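What follows is a short report on a single structure.
There are 4 protein chains.
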Amino acid sequence: MKGMGSQLDVRIVWGDCDEQGIVFYPKYFYWMDSAFQALLRDAGQSLRTMREGYGIVGIPIVEASAHFLASATHEEILRIEAEIRHWGETSLRAEYKGFCGDRPIFEGFEARVWLGRGSDGRPAAATIPEAFRRAFAAS
Amino acid sequence: MKGMGSQLDVRIVWGDCDEQGIVFYPKYFYWMDSAFQALLRDAGQSLRTMREGYGIVGIPIVEASAHFLASATHEEILRIEAEIRHWGETSLRAEYKGFCGDRPIFEGFEARVWLGRGSDGRPAAATIPEAFRRAFAAS
Amino acid sequence: MKGMGSQLDVRIVWGDCDEQGIVFYPKYFYWMDSAFQALLRDAGQSLRTMREGYGIVGIPIVEASAHFLASATHEEILRIEAEIRHWGETSLRAEYKGFCGDRPIFEGFEARVWLGRGSDGRPAAATIPEAFRRAFAAS
Amino acid sequence: MKGMGSQLDVRIVWGDCDEQGIVFYPKYFYWMDSAFQALLRDAGQSLRTMREGYGIVGIPIVEASAHFLASATHEEILRIEAEIRHWGETSLRAEYKGFCGDRPIFEGFEARVWLGRGSDGRPAAATIPEAFRRAFAAS
């Protein structure tokens, strides 16, 4: 899958950790969301340009899940590898793996839906444009 | 100042605390902001109704400050007392005090500006409407 | 399952919401974690008493997952129903459902492991004590 | 003050912003705290080594304050310049300035106290060791 993914490095800080000195787990989902923005960025997209260019409401989450394999603490660098692994008609699935050095920290995914507007003007799932999909193949 | 303030009780949870088992300080500002929403609510206002009713952009923060008097930890109930203590032409100052039981935890304030739109349509400080101010006197 | 679960009400605030005015999804996991603390509390337990009474390191998360069914916004009250639905030898599974009024907002679960210390003193999964399990049956 | 400060660059992400699409202000304090860790790091210090080397409990915040000069939004890079500007007997004051490109975003400070242990073993303010202070002069 060379060339199809994005990578995000974050330094874990004091404020990310709980009383046990390890990352408080909801923060991993914040970083997965950040890595999704990195995927968009690397494909020349952003939520702003997508709203303007494609007229969508957004690309909200419908499911998120993660396995936590090892703990991580402040001052460590967390490297997150992100990739869109499945394209549905109106949805996509982004997968994430987090490492501190060689130590696997977590694996997770997000399912997101392409939210346009139905004929009544209300938000509704819509077909993902081919141009958007192609932007990731090229990145 | 009886009858002019609002009170917000929050239960401090695991995820609010750092490695020393005490509240990570930026969270106090989150709670001050929450207590400001409580002030609005108790006066029959909300950011949504204010945007619609007064046509403002918002009431953004221009300064925030706090003294931290004692630490607090998860499972404790933090009681926040909030009050608008100063009304300027285009700004206001809300003051906050936090307690766990009788133990003073923090004292802080927020300065916020009434952000309308100038004649060119761009966001600009504007005069706070008398009706808005009166809503707090009555609450 | 009457009498076996806990309930947590939280008011969604401005700071929980993103640019679309809806809850930023990692916050739901923060609330799931908060609801887990409520489960402990209702059973007369807490992470502190469990460390002291059972000598554990903690009860860290190994998996977390959620489906997001509808969006929610600031000023709404989110009611979270929590329950421990599965007890393994060294792990448990807590399930959560979130509602705003009658509107289902999310469903999720956390898998957590009972982390004691092995014979070498290092953290290791350990058998969940019967007394801990019984505390929930009684609550 | 050349050579005495530290710099931290953070990319503002979706999850840092509120309904108005701008950074929710408590996040700036999280970043100020992160920049304080950067100051420590650049001086060869960390909260962990300080607890071990100096036997302190920590270096908790006693006051935090910021002026917000302009808003910032997701995808922007926020550059934070940090510096310890005042050394007291038992406390220090760190100052921060944030910029997006040439645009000043905020200015703030933190007052922190060197928390050791008194003769009764309880946490108490203590004299900042000369060696710690010198670490910053040299960095």
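Chains as they are written, first to last, in my numbering: chain A, 1 to 139; chain B, 140 to 278; chain C, 279 to 417; chain D, 418 to 556.
From the three backbone atoms N, C-alpha and C, an ideal C-beta is built for every residue, glycine too.
Keep in mind it's a predicted model, so treat the numbers as computed, not measured.
Residue range of the unbroken alpha helix (DSSP H) whose run includes residue i
i, result
"Q45/A", "Q45/A -> no alpha helix (DSSP H), and no H or E assigned at all."
8 Å Cβ cutoff met for residue i and residue j
i, j, result
"L69/A", "I105/A", "yes"
"V252/B", "T266/B", "no"
"R510/D", "A483/D", "no"
"E191/B", "I151/B", "no"
"I61/A", "L115/A", "no"
"L286/C", "A316/C", "yes"
"D16/A", "C156/B", "no"
"G5/A", "E130/A", "no"
"G247/B", "Y235/B", "yes"
"A554/D", "C517/D", "no"
Host beta strand (DSSP E) of residue i (start-end)
i, result
"G149/B", "It should be noted that the sequence gives Val, not Gly, for residue 149/B. From DSSP, the beta strand (DSSP E) with V149/B extends over S145 to R150."
"A385/C", "Per the sequence shown, the amino acid found at residue 385/C is Glu instead of Ala. It spans R381 to V391 - the beta strand (DSSP E) in which E385/C sits, taken as one unbroken run."
"A125/A", "P123 to A125"
Chain G contact residues for residue i, given Cβ-Cβ distances below 7 Å
i, result
"F24/A", "Going by chain labels, chain G is absent from the structure shown, which instead holds the protein chains A, B, C and D."
Neighbourhood of residue i by C-beta, 6 Å cutoff - its chain only, sequence neighbours within 5 removed
i, result
"G475/D", "L532"
"S258/B", "none"
"G98/A", "L78, I80, I105 and F106"
"E63/A", "A111"
"H86/A", "R93"
"L47/A", "none"
"F453/D", "A511"
"T578/D", "An answer regarding residue 578/D cannot be provided, because it is not within the stretch 418 to 556 covered by chain D."
DSSP bridge partner residues for residue i (one or two, in chain order)
i, result
"W226/B", "L231/B"
"S71/A", "Looking at the DSSP assignment, S71/A forms no beta bridge with any residue, so it has no partner."
"R256/B", "P262/B"
"S482/D", "S204/B and F526/D"
"A357/C", "First, the amino acid is wrong: residue 357/C is Arg here, not Ala. Looking at the DSSP assignment, R357/C forms a beta bridge with D287/C and F377/C."
"V474/D", "Answer by DSSP bridge pairing: none, since V474/D is not bridged."
Sequence-distant residues of its chain with Cβ nearer than 7 Å to residue i (five each side left out)
i, result
"G44/A", "A135"
"R133/A", "W87"
"R520/D", "A487"
Cβ shell of residue i (< 8 Å), same chain only, five flanking positions each side left out
i, result
"A403/C", "T368, S369, V391, W392, L393 and G394"
"R180/B", "S145"
"K280/C", "At K280/C the pLDDT is 43, less than 50, meaning the model places this residue with poor confidence; the figure from the coordinates comes in the next sentence. There are no such residues."
"V84/B", "A question about residue 84/B goes unanswered here, because the residues of chain B that appear run from 140 up to 278."
"W292/C", "H352"
"P540/D", "V474, L532, G533 and R534"
"G121/A", "none"
- request: Would you be able to state if there are at least three C-beta pairs under 8 Å between the region 298-312 of chain C and the region 22-37 of chain A?
  value: yes
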